[in-house]
Amino acid sequence: MEKNKKAAQYQQRVKELAPKSKTAQMLIKAFLVGGLICCIGQAIRDFAQFTLKLPEKDVGTFTSIFLVFLGGLLTGLGVYDKIGKFAGAGSVVPITGFANSVVAPAMEHRSEGLVLGVCANLFKLAGPVLVYGVGSSIIVGLLYLWLG
Amino acid sequence: MGFTKYLIVFVVGGLLCVIGQLLISLTRLTSARILVVFVTAGVVLTGLGLYEPLVEFANAGATVPLTGFGYTLAKGAIEGAKQSGVVGAFTGGLSAASGGISAAMIFGYIFAVLFRPKTKK
């Protein structure tokens, strides 16, 4: 009995001390920052569509290029790391996070030279993304062909 | 009209990031794996015809998250397959996504050479 009570007390104490609210907090931060980055993307889309009057099919590409540029630049300046610490997945999931995953390892291995340092590490993290993304897209294309 | 559009973008984009954060918090997936999961999920959902409606509804809220990258790849592969069969299924995905990938290469290289990593204090 006494033992059980102690165990329950211990569990209670663990619950109190565990950073439970941190998860909720991170979810909110991820939501806010991720949503904001998407709104910036939408603003770039609208700029491409209504101001530059790019054709429909180029609007998305223009937006991707612009966001990759921004994500890369902010990573270089060391700002994206700070956003990442604050926002967690809010900074990882948008395409700027993809740009970050390209620039960060390349920058880190700069001292190993331009070819095996920078270039080889550009796709250290983004490479798997491309392998899975492109690979699965080929399967989807083939399935579409064979299944109609 | 403008405000509502941006509100939808904000909420949908934010929710996709919340899913990513839940994966990180609950399963301790690394961010590299999150990226892989999101791209693959985008490809699969597009293949099933489920992602296109979300893109029409939420615009950048659906295309800016990495699932949107998967959407671009899968949509390109399907278009390619329509136009030129098996070869198109292979070339379509990368063709459609080539802008972003090429940008990642050139900007990645330039910024990695220009900037030094900030020393951790």
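These protein sequence lines map, in sequence, to chains Y and V. For the first sequence, my numbering assigns the number -5 to the initial residue and increments by one for each residue that follows. For the second sequence, my numbering assigns the number 67 to the initial residue and increments by one for each residue that follows. Positions of the beta carbon are idealized from the N, C-alpha and C atoms, including for glycine. This structure is a prediction, so every number in the text was calculated from the model and none was measured.
What residues of chain V sit near residue i, judged by a beta carbon separation below 7 Å?
i: ALA114 of chain Y; result: Per Cβ cutoff of 7 Å: no residues; ALA114 of chain Y is ~11 Å from chain V at best.
i: PRO122 of chain Y; result: ALA98, VAL102
Can you list the residues of chain Y that residue i reaches, using a CB-CB cut of under 7 Å?
i: PRO183 of chain V; result: MET101, GLU102
i: TYR72 of chain V; result: CYS33, GLN36
i: LEU180 of chain V; result: GLY70
Three-state secondary structure (DSSP) at residue i?
i: PRO99 of chain Y; result: helix
i: PRO43 of chain V; result: The structure shown does not extend to residue 43 of chain V, since chain V spans only 67 to 187, so no value can be given for it.
i: VAL88 of chain Y; result: Checking the displayed sequence, the identity of residue 88 of chain Y turns out to be Pro instead of Val. Strand.
i: LYS79 of chain Y; result: helix
i: PRO183 of chain V; result: coil
i: LEU116 of chain V; result: coil
i: ASN125 of chain V; result: coil
i: THR157 of chain V; result: helix
i: LYS16 of chain Y; result: helix
If contacts are defined as beta-carbon pairs under 8 Å, then residue i and residue j qualify, I think. What distance do you get, rounded to the angstrom?
i: SER95 of chain Y; j: LEU101 of chain V; result: 6 Å
i: VAL109 of chain V; j: GLY136 of chain V; result: 4 Å
i: PRO131 of chain V; j: LEU82 of chain V; result: 4 Å
i: LEU124 of chain Y; j: PHE117 of chain Y; result: 7 Å
From residue i to residue j, what does the alpha carbon distance come to, in whole angstroms?
i: VAL84 of chain V; j: GLU(-4) of chain Y; result: 42 Å
i: GLY35 of chain Y; j: PHE41 of chain Y; result: 10 Å
i: ILE89 of chain Y; j: GLU102 of chain Y; result: 20 Å
i: THR69 of chain Y; j: ALA98 of chain Y; result: 7 Å
i: ALA140 of chain V; j: GLY135 of chain Y; result: 7 Å
i: PHE25 of chain Y; j: ALA126 of chain V; result: 15 Å
i: PHE92 of chain Y; j: GLN6 of chain Y; result: 41 Å
i: THR106 of chain V; j: VAL179 of chain V; result: 31 Å
i: ALA114 of chain Y; j: ALA100 of chain Y; result: 8 Å
i: ALA162 of chain V; j: SER150 of chain V; result: 15 Å
i: SER168 of chain V; j: TYR4 of chain Y; result: 55 Å
In chain V, what lies closer than 8 Å to residue i by C-beta?
i: THR57 of chain Y; result: ALA126, THR129, VAL130
i: PRO88 of chain Y; result: GLY79, CYS83, VAL130, PRO131, LEU132
i: ILE132 of chain Y; result: ALA143, ALA155, PHE156, GLY159
Would you decide whether residue i is buried or exposed? Buried here means 16 or more other CB atoms lie within 10 Å of its CB.
i: VAL121 of chain V; result: buried
i: ARG39 of chain Y; result: buried
i: LEU105 of chain Y; result: Per the sequence shown, the amino acid found at residue 105 of chain Y is Ser instead of Leu. Exposed is the call here.
i: ASN(-2) of chain Y; result: exposed
i: VAL78 of chain V; result: buried
i: GLY68 of chain V; result: exposed
What in chain Y is Cβ-close to residue i, meaning under 8 Å?
i: THR106 of chain V; result: TYR126, GLY127, SER130
Taking 8 Å as the cut-off, is the beta-carbon of residue i closer than that to any non-hydrogen atom of the ligand ATP?
i: PHE104 of chain V; result: Inclusion of the ligand ATP in the displayed structure is not the case, the ligand content being empty and no account of it being possible.
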